[in-house]
Amino acid sequence: MAVGRQLVGMDELVEHWTVLEGELGLVAGKRGGTRLGFALLLKYYTRHGRFPRGRAEFPDEVVEFVARQMKVSAAEFGSYQWTGSTIEYHRAQIREHLGFRVCSVQDAEKLTAWLAGNVAHAERNADRVREELLRHCREEFIEPSAPDRITRMVRSALHTAEETWFARIAARLSVDVRARVLALVAEAGQDEDRDDAAGESVLALVKAVPGNVSLESMLREIRKLTAIRAIGLPGVLFSDVAPKVLASWRQRAAVESPSHLRRRSDEAAVTLLAALLVEREREVTDSLVDLLIATVHRIGARAERKVTNELVNAFKRVSGKENILFAIAEASLAEPDGEVREVVFPSVRGGEQTLKELVHEYKTKGPVYRRTVQTTLKASYTNHYRKGLVELLGVLEFCSNNVAHRPVIDALGLVQRYAKAGNTTYYPLGESAPEHRGTTGQWAEVVCRADRRGRRRVVRMVYEVATFQALREQLRCKEVWVVGAGRWRNPDEDLPRDFEARRTEHYGELRKPLDPAAFTTSLRQEMEAALADLDEALPELDWVEITERKAGAIKFTAPEASEEPRSLRRVKNEVGRRWKTVPLIDMLKEAVLRTGCLRAVASVAGSGHLPAEVLAERLMLAIYAYGTNAGIRSVAGGAHGHTEEEIRYVRRRYLTPEAARQIAVEIANATFAARDAGLWGTGSTAVASDSTHFRSWDQNLFTEWHSRYGGRGILVYWHVERGSVVVHSQTLRASASEVAAMVEGAIRHGTTMSVEGNYVDSHGQSEIGFAVTRLLNVDLLPRIKQINRVRLYRPNAGEPGAYPNLTPALTRPIRWDVIDASYDQVIKYATAIRTGTASTEAILSRFTRAASHPAYQAMLEIGRAQRTCFVARYLRDRSLQREIEEGLNVVESWNAANAVIYYGKGGEISTNRREEVEMAALCLRILQASLVYVNTLMLQDVLAEPSWAGLLGPADRRGLTPLFWSHVRPYGEVRLDLGSRLAIGPAVAGR
Numbered sequence: 000m001a002v003g004r005q006l007v008g009m010d011e012l013v014e015h016w017t018v019l020e021g022e023l024g025l026v027a028g029k030r031g032g033t034r035l036g037f038a039l040l041l042k043y044y045t046r047h048g049r050f051p052r053g054r055a056e057f058p059d060e061v062v063e064f065v066a067r068q069m070k071v072s073a074a075e076f077g078s079y080q081w082t083g084s085t086i087e088y089h090r091a092q093i094r095e096h097l098g099f100r101v102c103s104v105q106d107a108e109k110l111t112a113w114l115a116g117n118v119a120h121a122e123r124n125a126d127r128v129r130e131e132l133l134r135h136c137r138e139e140f141i142e143p144s145a146p147d148r149i150t151r152m153v154r155s156a157l158h159t160a161e162e163t164w165f166a167r168i169a170a171r172l173s174v175d176v177r178a179r180v181l182a183l184v185a186e187a188g189q190d191e192d193r194d195d196a197a198g199e200s201v202l203a204l205v206k207a208v209p210g211n212v213s214l215e216s217m218l219r220e221i222r223k224l225t226a227i228r229a230i231g232l233p234g235v236l237f238s239d240v241a242p243k244v245l246a247s248w249r250q251r252a253a254v255e256s257p258s259h260l261r262r263r264s265d266e267a268a269v270t271l272l273a274a275l276l277v278e279r280e281r282e283v284t285d286s287l288v289d290l291l292i293a294t295v296h297r298i299g300a301r302a303e304r305k306v307t308n309e310l311v312n313a314f315k316r317v318s319g320k321e322n323i324l325f326a327i328a329e330a331s332l333a334e335p336d337g338e339v340r341e342v343v344f345p346s347v348r349g350g351e352q353t354l355k356e357l358v359h360e361y362k363t364k365g366p367v368y369r370r371t372v373q374t375t376l377k378a379s380y381t382n383h384y385r386k387g388l389v390e391l392l393g394v395l396e397f398c399s400n401n402v403a404h405r406p407v408i409d410a411l412g413l414v415q416r417y418a419k420a421g422n423t424t425y426y427p428l429g430e431s432a433p434e435h436r437g438t439t440g441q442w443a444e445v446v447c448r449a450d451r452r453g454r455r456r457v458v459r460m461v462y463e464v465a466t467f468q469a470l471r472e473q474l475r476c477k478e479v480w481v482v483g484a485g486r487w488r489n490p491d492e493d494l495p496r497d498f499e500a501r502r503t504e505h506y507g508e509l510r511k512p513l514d515p516a517a518f519t520t521s522l523r524q525e526m527e528a529a530l531a532d533l534d535e536a537l538p539e540l541d542w543v544e545i546t547e548r549k550a551g552a553i554k555f556t557a558p559e560a561s562e563e564p565r566s567l568r569r570v571k572n573e574v575g576r577r578w579k580t581v582p583l584i585d586m587l588k589e590a591v592l593r594t595g596c597l598r599a600v601a602s603v604a605g606s607g608h609l610p611a612e613v614l615a616e617r618l619m620l621a622i623y624a625y626g627t628n629a630g631i632r633s634v635a636g637g638a639h640g641h642t643e644e645e646i647r648y649v650r651r652r653y654l655t656p657e658a659a660r661q662i663a664v665e666i667a668n669a670t671f672a673a674r675d676a677g678l679w680g681t682g683s684t685a686v687a688s689d690s691t692h693f694r695s696w697d698q699n700l701f702t703e704w705h706s707r708y709g710g711r712g713i714l715v716y717w718h719v720e721r722g723s724v725v726v727h728s729q730t731l732r733a734s735a736s737e738v739a740a741m742v743e744g745a746i747r748h749g750t751t752m753s754v755e756g757n758y759v760d761s762h763g764q765s766e767i768g769f770a771v772t773r774l775l776n777v778d779l780l781p782r783i784k785q786i787n788r789v790r791l792y793r794p795n796a797g798e799p800g801a802y803p804n805l806t807p808a809l810t811r812p813i814r815w816d817v818i819d820a821s822y823d824q825v826i827k828y829a830t831a832i833r834t835g836t837a838s839t840e841a842i843l844s845r846f847t848r849a850a851s852h853p854a855y856q857a858m859l860e861i862g863r864a865q866r867t868c869f870v871a872r873y874l875r876d877r878s879l880q881r882e883i884e885e886g887l888n889v890v891e892s893w894n895a896a897n898a899v900i901y902y903g904k905g906g907e908i909s910t911n912r913r914e915e916v917e918m919a920a921l922c923l924r925i926l927q928a929s930l931v932y933v934n935t936l937m938l939q940d941v942l943a944e945p946s947w948a949g950l951l952g953p954a955d956r957r958g959l960t961p962l963f964w965s966h967v968r969p970y971g972e973v974r975l976d977l978g979s980r981l982a983i984g985p986a987v988a989g990r
C-alpha cells in the first residue's frame, strides 16, 4: 500500500461503490476485465464527476469490492486498456447515462466568467477556486477539462476578478486621493535613489513596526496614524471586499518594493497601497491602545517600585507590638501624672528609638503609603508621559455601549479640553468633573482637596492620572472600545450578525437545546450523577480523603509511575543503525517530497516564475534557517547552490505565515494518514496543550517580562496530539490568557483530526475555560495542582444532607436561574468563538472580574458546574488520572525537543518584527512535524519485521513515540540534494 493513503472503510465502499440495480443493465454483455473496468469507471465518474487517469486512482479494496459484485476476479482489472476505442466507447456510454457532456470552448468561457464573478472575487486560493469550479461542473453536468486546462481557467478567473476589483476600487477614489496614494511610492523611490535622505518616507513609516513601551514609541505611532489618515481614504472603501482578499493585497503591498509597485498599473498600485493603508490604520490604532494600556501600567508600577525601595531602606519591622502596648499601658497607669520621657520611654525595650520605628512602620503602610505612591505616580505622569497620553486623545475616539461607563468617556473629554491649560492646578470652579470609578476609593483623598480659600476643588493632574487608570481597566475588559480599531473594536461586532436569523442552526451546530431549562437539567443531572458516584466510591478509594482540613478538604495522592518500557531503546538504536545519523534538513526534505506540502506555497504566491524544484529548495532552506534559528546568512553558506539574496527573496515573496501554517497542517495530516493502526492504535481525539517560553528582543510591544519565566520573551503555545503530532501553534505575549489559547487551538487547528478532549496544566484551566469548552463540546482535562483547595458545588438547594462523604469539600448550590436568564447570550458568545467572528481572546477578555457583563455570571456558573463534574470524575477514576498525566508528558517532551532543534543564537529570537517571530515559531513547528513524520515511517519500517514487533510488550507499546532525535543531526553544514532520498518503504513523491 502507498505511504500516506488510508484504507477505504466498509461504509464508504457500500455508499459510493455499490453498483445499483439501474446500472446493472449498462454492464450486461460485458465480460472479464472489460466488465470490471466499465463498472469501476462508472462508479468513479458518479462520485467524482470525471474519469480516472489510470489504475493508480483505485485503491485495492475498491477494486476487490466491485469485482465481487461483478463476479470477476480483481486481477483481471490489470488487462483493462486505458487507451483505444473501447475505453472511449465506455466513456460515451457513461456520459449519456449520467447526462454529462464534454466541456466545449463555449462551456469553458462561461465557466471562467462564472468563476471570476462568483468565486474568485472573494477567494484568492487557487486550490479552493479549483474545487468550486469542479463542483459547479458537476451541477451543470459538464465533464471537467484536462488538469492543465482547468489550471488555465482558474488562473484566468483569478486574474479577471482581480483586475475587475482594481478598476472598481480605483474608481471609488477621487483624483486627489489617488494622487496622494501613488505619491507614496514615488517619494519612497526618491529615498531609494538618495544616499543621504533627510528622513524616512511616509511608506517606510507606515510599514515600520512599533518600538517598545516608551513616550517616543507612542509619539511615533501617533505620527504614523496621522500620516495614514492624511491620505483621506474613505472608511467604506473595502466594505464589500472579502477579508481574505484584502489581507492578500495588504501582504503583497507590504513585501513588494516601491520600484515593483511603480511598474504596476495605476489601478493595481492604488488598490494594493490602499489595502495596506487601511489595514495598517487598524493595526496602528491597536498598537496605540496597547501602548496606552502598557504606559499607564508602567507609570503605576514604577511609582510603586520607587516608593517601596525608598521606604524599605529605612524600614525596620518592630516585633512584639502587643507587649509594647501592655508595657506602655502598665507604666502610664502606675504614674499617670509623670512625664512621657521619664515614664513611657523607659518602659519599652529600646526606649525612644523603638517607638520611632513603630511610628515609621505605620506610616509606610496603609493609607500613608498609598498616598505617597499616588503622589509619585502623578509626578511621573506630569513630567514625562503626559505629553504622549494627552496627544493620543486627539487621534483615538473612545466609546462604550454601557451607560455605567459613560463618566469615563466624559472625563476624557474634560481632560482633552484642558490639555493646554498650562500650569493650572485646579479645574475652574464652574467646570463639572465627572465622577467615575477611578476617582473614588483610594484616589478620592488626592483627587479633590481644599484650595487656599478652603473650597473643595478637583486637582487637574491627579484627575487625569485617575481617569487614565480607569480607562485602562475598562479597555482591558472591553467595556470601553476604540473606533477604527481591530482587536479593540466595538465588542458587539465580535458577535455573529446572523445569529437572530439563524438561531436554530447555530444552536444545532453547538448541539445545544433551544430551551435553557433543558440545558440546565442535563448539566444538573450530570452533577448529581458525578457527585453520587464519588460519594459512594469514596470509602473504598485509598488515594483520596475528604475531611475538614486547614490546608484544604481534599487530600489526594497522585498515581504511581507506570512501568518503564524495556525494549524501546533497542528499537531506537536499530533506527540509528539502519539510517545512521540523518541531517535535520534531510528529514525536512523527505517530509516535503513525500507529502507534497509545498503545493500550498505555490498557490499563495500566485504568478511566480521560479522552477518548481528551485522554489522547493529555497523554501526548505528558508524554513530550516528560521526553524533552527541559524539564520539565512548561515544557511546560505551550505552546499546547495543558492545565495542569501535568493533565499531571502523566496522567504519574503512566498513563505507567508499562512503558507507556513498550511505546510505544517499538510505534514500533520500526512502523518495521520501514514500511521499503521495496528501499531499506533486508532486515531486519537485528544490533544495536550502547553506553552514554551522563548527569550526575544524587547524593542517591540510583543515581548514582555514575566515573573513566572524570570525574564523577557514570548510564548509559543502548542497543541500536540497524543502520538506527538503537533496540530496547532500560537505565538503569544507572556501575559496572554492560556485558557483562550487552549480553546483557540482545540477548535481551529485545521487538521483532519477531530479534537474532543484537551489535556492542560493548571495555567490552561479556569471556571470560564470549563464553561467555554462545555459549550463547544470539548472535554477539558486539566491537571489541577492545588486540587486540595477545590470546592465542589451542590447541584440542588435545600439538600444539606446529600453526599455526606463529600460534605467538607462542598460549597453553595449552583445558581441555575442565572444561567437560564443569560443562556441565549452565552450561546451567542460560544457561536462567535466557533464561527471565528472574533478571536477567543477577544471574547474572553469580556469575562474578567473587572467586567460587569451579565453573561459573565452565567458563564461562571456553567464553569463551576462543569468543573465539579470533572473533579468528581477525576478523583474517582485512576485511569483518567494516568491518561491526563501521560498526555501532558507528550507536550513536555515536545518542549524538550524545542531546545534541540531551535539551537541558534542560544535559542533567543533575535528580531523585533512580530511576523518574523511568528515565522520562527511556525518553521520550528514544521521541522518538528517533519521529524515526527519521518520517524513514524522509520519505526513502522523496523517494526514491520516480526522479530522486532515481537519485542514490544504492553509498556513498550504504551511508551512508543516518534518524537526522538538521537539519530538526527541538526547542526553542521547544510547540504541539500533533492536527488538523494532516505530508504524508507515506498518513496512516494508528492510534488
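Counted from 1, the sequence shown has number 720 at position 721 by numbering that gives the first Met the number 0; the numbering is strictly sequential. Beta carbons: idealized from backbone N, C-alpha and C, even for Gly. Owing to the predicted nature of the structure, the values given are computational and were not obtained by experimental measurement.
- For S844, the secondary structure class from DSSP, reduced to helix, strand or coil, is coil.
- Only residues of its own chain outside the window of five on either side were considered, and among them E562, P564 have a CB closer than 6 Å to the CB of A954, listed in chain order.
- H383 and P433 have their alpha carbons spaced roughly 25 Å apart.
- Judged by DSSP in its simplified three-state form, Q939 adopts helix.
- For the pair of segments examined, the stretch 282-294 was found to touch the stretch 204-217: the number of CB pairs separated by less than 8 Å reaches three.
- Here H296 carries a helix assignment [DSSP, helix/strand/coil].
- By the C-beta density criterion, L324 is exposed, having fewer than 16 other C-beta atoms within 10 angstroms.
- Bridge partners of H727 according to DSSP: H718.
- L805 places its beta carbon less than 8 Å from that of D534.
- Under the DSSP assignment, H47 falls in the alpha helix (DSSP H) whose first and last residues are 31-47.
- When the Cα atoms are used, S734 and E341 turn out to be separated by approximately 58 Å.
- When secondary structure is reduced to three states using DSSP, F693 falls in the strand class.
- In the DSSP assignment, Y873 falls within the alpha helix (DSSP H) that extends over 853-875.
- Within the stretch 422-484, the complete beta strand (DSSP E) runs of at least 3 residues fall at 447-449, 455-457.
- T836 is a Cβ neighbour of D493, given a cutoff of 8 Å.
- The criterion of a C-beta distance shorter than 8 Å is satisfied by P51 and L40.
- Annotated three-state conformation of Y625 is helix, per DSSP.
- In chain order, V574, W578, I983 place their CB closer than 7 Å to the CB of M937, counting only its own chain and leaving out the 5 sequence neighbours on each side.
- Residue range 703-705 is occupied by the beta strand (DSSP E) that includes E703.
- Around the CB of A611, fewer than 16 other CB atoms lie within 10 Å, so the residue is classed as exposed.
- Taking the Cβ atoms as the reference, N628 lies roughly 23 Å from S688, outside the contact range of under 8 Å.
- Contact annotation, P490 with R845: C-beta distance approximately 6 Å; criterion of less than 8 Å satisfied.
- The C-alpha of T503 lies about 50 Å from the C-alpha of A943.
- Taking a 10 Å sphere around the C-beta of K223, we find 16 or more other C-beta atoms and assign the residue as buried.
- Beyond the five residues adjoining it in sequence on each side, T594 comes within less than 6 Å, by CB distance, of E665, I666, A669, G989 in the same chain, given in chain order.
- Close CB contacts of H89 within its chain, under the 7 Å cut and outside five residues either way in sequence, are with F37, L40 (chain order).
- Per DSSP, the continuous beta strand (DSSP E) segment holding D778 begins and ends at 778-781.
- In this structure, V407 lies near V479, with their beta-carbon atoms less than 8 Å apart.
- Here DSSP, grouped into helix, strand and coil, assigns I883 to helix.
- The alpha-carbon of K554 is positioned some 28 Å away from that of A685.
- Assigned with DSSP and collapsed to three states, G53 falls in coil, not helix or strand.
- The C-beta of W696 has 16 or more other C-beta atoms within 10 Å across all chains shown, which makes the residue buried.
- Of all C-beta pairs linking the stretch 148-162 to the stretch 121-135, three or more are shorter than 8 Å, placing the two stretches in contact.
- Residue pairing of K554 in beta bridges, as defined by DSSP: E544.
- Its chain contains R974 as the residues whose beta carbon lies nearer than 6 Å to that of A638, once the 5 sequence neighbours on both sides are disregarded; these appear in chain order.
- If you draw a straight line from the Cα of E643 to the Cα of V254, it is about 17 Å long.
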